[in-house]
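Just below is one structure, and these are the notes that go with it.
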Amino acid sequence: GINDGSGHRCHEHPYTGIDDAAAKRIESLSALLSGTYGVADARLITALCALGEGTAHIAVLMTNYVDHTYAGSQNASGDEQLHLDIDCDNAVFAAIRQSGVFAIAASEETPTETDTSPPSHSSSEDNVFSVGFDPLDGSSIIDANFSVGSIFGIWPGRGVLNRTGREQVAAAVSLYGPRTTLCIALPAATTDRGRPVVFEVTLVKDRTCWELSRDAITIQPSGKVFAPGNLRAANDNARYRALIDHWMTERYTLRYSGGMVPDVYHIFAKSKGVFSNVSSEKARAKLRLLYEVAPLGLVVECAGGATTHEAYDGSVLDCKIDDLDRRLGVCFGSSEEVAIYKKFMFE
């Protein structure tokens with residue numbers, strides 16, 4: 011039942027017009043990456059544009075999504091797969107394969123290191139990338155028409171197993187709501203700016219091009235906005251319960267949808283806040299390091315925010331991907347807010 015990463019559609023769909031504007035979308039995003047943000051590596055630009063194409067195709071799938079039907083299979087987390095989950099997964103795999111710059115891809119729906127190299131590709135480790143991604147984060151809330159997203163992390167070379175998030179050369183997160191947006195994080199070594207950069211583009215003009223909508227996303231040191239994921243864990247995790255009581259006593263604003271992408275993206279949009287997802291004996295955390303935590307963690311830290319593992323003081327970017335299905339709890343957000351999390355949870 012798990013998807014095979016073939017790129018074939020789960021269902022046949024009549025809408026193909028999205029492909030007609032591919033060249034214009036790629037040109038618009040390439041120009042921003044090379045001209046505005048000083049990305050010199052042409053192959054990395056191609057890789058990021060491929061994720062943009064995957065995003066554009068998923069946006070079309072979303073707007074034509076009617077039937078909340080299940081595929082009769084489960085992903086590695088035990089979640090029932092929607093036909094839409096598999097369609098979105100295949101849309102990204104198709105874009106990845108077509109780009110010609112990815113050697114390996116693994117996703118939440120296709121949880122294996124899948125060879126995506128074109129047949130003529132050189133075996134050199136120096137000119138290929140690998141990607142870990144979650145094609146549809148929030149499928150459990152999509153039937154309520156809430157915003158959902160996609161998450162992507164790009165690593166240099168072949169393979170993602172036994173890597174860390176800090177090795178990523180870029181990460182991106184897509185948000186599908188009233189607008190379709192793509193937030194891209196570039197570590198300092200990837201651009202000519204000498205510092206990390208996070209920016210946002212929006213899919214505009216009938217999905218024919220990407221337009222810069224936020225030229226620099228930064229996260230302020232503090233901000234009284236909270237999104238407490240896996241809240242049921244507070245029932246048998248006294249430290250987490252005390253932290254939530256603190257947020258409420260201090261009159262923080264609750265902004266929580268039940269989707270990791272929209273909740274963390276709210277921090278990017280407002281430049282402040284804190285997101286937590288904590289486990290307990292009876293309510294284990296389900297976030298995957300490869301497909302969700304490491305890529306989003308890079309975006310947060312490149313924007314000036316902080317991250318930590320739920321159970322000890324350490325950036326999620328230093329956690330080793332020793333299992334493609336490794337799961338953990340986290341705290342992301344404004345640095346002073348993450349420090350408050352550490353005080354309640356560790357001291």
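To get our numbering, take the position in the sequence shown, counting from 1, and add 10. Note that the Cβ used here is the ideal one computed from N, Cα and C, for glycine as well.
#1: With distances taken from CA atoms, which of T212, V179, R168 is nearest Y186?
#2: Measure how close the beta-carbons of I229 and A313 come, nearest whole angstrom, since I'm counting them as under 8 Å.
#3: Contact check, F156 vs S286 under 8 Å by CB: the rounded distance?
#4: Does DSSP put I12 in a helix, a strand or coil?
#5: With a CB to CB cut of under 6 Å and the five nearest residues on each side skipped, what residues in its chain are close to D30?
#6: Tell me the rounded alpha-carbon separation between D225 and T46.
#7: Look at the alpha carbon of V235 and the alpha carbon of V49, and state the distance between them as a whole number of angstroms.
#8: Can you tell me which of F278, T79, L297 puts its alpha carbon nearest to the alpha carbon of A316?
#9: Taking 8 Å as the cut-off, does the region 160 to 180 touch the region 321 to 332 (at least 3 CB pairs, one atom from each stretch)?
#10: Just verifying my parser: in three-state terms, what is the DSSP assignment at P206?
#11: Please list, in chain order, all residues of the same chain as V348 whose beta carbon is under 8 Å from its beta carbon, the five residues on each side excluded.
#12: Quick one: Cα of H256 to Cα of N245, how far?
#13: Does I229 come out as helix, strand or coil in the three-state DSSP assignment?
#14: Throw me the rounded Cβ distance for the T200 and V179 pair, which I believe falls under 8 Å.
#15: Measuring CB atoms only, is the region 259 to 274 touching the region 294 to 309, in the sense that at least three cross pairs come out at less than 8 Å?
#16: Looking at C-alpha atoms only, which residue of Y351, A295, K353, L54 is the closest neighbour of R336?
#17: Sort Y262, G239, G110, Y275 by Cα distance to F209 and report the nearest one.
#18: Grouping DSSP H, G and I as helix and E and B as strand, with all else coil, what is C98?
#19: Roughly how many angstroms separate the alpha carbons of I350 and R251, rounded to a whole number?
#20: For C59, which of helix, strand or coil comes out of DSSP?
#21: Using DSSP's beta-bridge definition, name the partner residues of S140.
#22: Label E291 either buried or exposed according to how many other C-beta atoms from any shown protein chain fall within 10 Å of its C-beta, with 16 as the threshold for buried.
#23: My understanding is that L61 touches L94, with C-beta atoms under 8 Å, so please give their C-beta distance in whole angstroms.
#24: Could you please give me the residues that DSSP links to A182 through a beta bridge?
#25: Along the chain, where does the beta strand (DSSP E) containing A321 start, and where does it finish?
#26: For the alpha helix (DSSP H) holding S267, just list the boundary residues, first then last.
#27: When we look at the beta-carbon of P238 and count the other beta-carbons within 10 Å, is it buried (16 or more) or exposed?
#28: Pull up the DSSP beta-bridge partners for G343, would you.
#29: In or out: E320 buried (at least 16 other Cβ within 10 Å) or exposed?
#30: Less than 8 Å between the C-beta atoms of D99 and T122, yes or no?
Answer, in terms of the structure:
#1: T212
#2: 5 Å
#3: Not quite, the Cβ-Cβ distance comes to about 19 Å (not below 8 Å), so this is no contact.
#4: Note that I12 scores 46 on pLDDT, short of 50, meaning its location in the model is unreliable; the coordinates nonetheless yield the value given after this. Coil, per DSSP.
#5: none
#6: 9 Å
#7: 33 Å
#8: F278
#9: yes
#10: coil
#11: V284, G315, A316, T317, T318, C341, F342
#12: 15 Å
#13: coil
#14: 6 Å
#15: yes
#16: A295
#17: Y275
#18: helix
#19: 14 Å
#20: helix
#21: I114, W165
#22: exposed
#23: 19 Å between Cβ atoms; not a contact.
#24: F162, I194
#25: Premise fails: A321 is in no beta strand (DSSP E) and is neither H nor E.
#26: That residue, S267, is in no alpha helix (DSSP H); it is neither H nor E in DSSP.
#27: buried
#28: V284, A316
#29: buried
#30: no
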